[in-house]
Amino acid sequence: MTSYDGEYLDDRRNGFGVCYYNNGSINYVGNWTDNSRNGGGVGYRLSDGTMHAGKWDNNTPDGYGARFDRYGNLIDVSNYENGVRTGKSVSFDENGNIVVSVYENGEKISEFLVDAEV
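Per full-length UniProt numbering, the very first residue in the sequence shown carries number 1; after that it's consecutive.
Structure below.
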């Protein structure tokens, strides 16, 4: 990340702002506290084009958030604790069925399908 447009307090990123990658693509749009992503925001990954919209704490997803693919399609809605998926996650399979998964410390421990025609 090379540039930031947004609010500062005591020469630190505080308030709302946008951070950019070296190539000019957006890295993160949202709230900042003492140079860290904190509060609501959207993070973008250059490697696969996905984005995470949700609550952030000290630069990591924390609380419920939604992930989208590079085309804006919903991948899943999950709960995170310190950047690790924990608790329930809802996604869709290739047939449009709803998949409810349960995670513990980032590991999937169970899942079940809900028929899309219900």
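A virtual CB, placed ideally from N, CA and C, is assigned to each residue, including glycine.
Own chain residues within Cβ distance below 6 Å of residue i, not counting five before or after
i, result
"residue 34", "12"
"residue 110", "102"
"residue 51", "42, 44 and 68"
Identified DSSP bridge partners for residue i
i, result
"residue 6", "17"
"residue 94", "Its beta-bridge partners do not exist; DSSP assigns none."
Segment limits, beta strand (DSSP E) that includes residue i
i, result
"residue 49", "That residue, residue 49, is in no beta strand (DSSP E); it is neither H nor E in DSSP."
"residue 64", "60 to 68"
"residue 103", "98 to 104"
"residue 80", "74 to 81"
Same chain only: Cβ atoms within 8 Å of residue i, ignoring 5 sequence neighbours per side
i, result
"residue 82", "57, 60 and 62"
"residue 119", "In the structure as shown, the chain begins at 1 and stops at 118. Residue 119 is therefore absent and cannot be evaluated."
Same chain only: Cβ atoms within 7 Å of residue i, ignoring 5 sequence neighbours per side
i, result
"residue 10", "none"
"residue 115", "97"
"residue 84", "105 and 106"
Buried or exposed by the 16-neighbour rule on C-beta atoms within 10 Å, applied to residue i
i, result
"residue 87", "exposed"
"residue 95", "exposed"
"residue 47", "exposed"
"residue 71", "exposed"
"residue 105", "exposed"
"residue 28", "buried"
"residue 8", "exposed"
"residue 54", "buried"
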